[in-house]
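Student: Before I ask anything, let me first share the structure, which is written out below as structure tokens.
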Amino acid sequence: MSQQKAIIGWREWVALPELGIRRIKAKVDTGARTSALHAFYLQRFTRDRRELVKFGVHPFQNRSDREIECVAEVLDEREVTDSGGHPEKRLVIKTPINIGMQQWSVELTLTDRDTMQFRMLLGRTAMDGRFIVDPSQSFLMGRPYRAVHSSRGR
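In this text, residue positions in the sequence shown follow this note's numbering: the first is 784, and each later residue adds one.
Structure follows, in structure tokens:
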């Protein structure tokens, strides 16, 4: 017996609690395989033999006055084709994501999305087996469930 899939809209509020991001508006994009998160700077470093990346996120569209500094372990570096069809090398991280009452881990590529309307893109790999997308709707899942707290204390 298969689990019933939730219906989500073409844009949804998500939270990335381990990165200290309580909410960010994500475009749900079934045409994109990978998910992407806006990072306006990247700084790679090593700690305890682990490769990490520190990066800055402007979580709100068309605003750069709110910054969140994040740190995550580098999972991979991959070539991704951007929306203009150009290949781009991107760092990949893995982090928990909250949409509505659901939480699971997703892979995110880090890229400068400053010129894009959405600071986050939720690709089909992250949604696989979980959701059905209704492109005529928005924010069906509401704000992310706040009972899941960040390990960063935000």
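Beta carbons: idealized from backbone N, C-alpha and C, even for Gly.
(1) Between the Cα of Ala809 and those of Gly912, Ile880, Ser888, Trp887, spot the shortest distance and give me the residue it belongs to.
(2) May I ask which residues mark the beginning and end of the beta strand (DSSP E) holding Thr878?
(3) Buried or exposed: Glu860, going by 16 or more other Cβ atoms within 10 Å of its Cβ?
(4) Starting from Asp911, follow its DSSP beta bridges and name the residues at the other end.
(5) Pop quiz: Val857 and Arg816 are said to be a contact at Cβ under 8 angstroms. What is the actual Cβ separation, rounded to whole angstroms?
(6) Can you give the beta carbon distance from Tyr842 to Arg832, rounded, assuming they're within the 8 angstroms contact cut?
Tutor: The short version:
(1) Answer by Cα proximity: Ile880.
(2) Thr878 -> beta strand (DSSP E) spans 870–882.
(3) Exposed, by the Cβ-count rule.
(4) Note: Asp911 sits in no beta bridge, so no partner.
(5) Taking C-beta atoms under 8 angstroms as the contact rule, Val857 and Arg816 fail to qualify, at a distance of about 19 angstroms.
(6) Note on residue identity: the sequence assigns Pro, not Tyr, to residue 842. Not really, about 31 angstroms apart at Cβ, beyond 8 angstroms.
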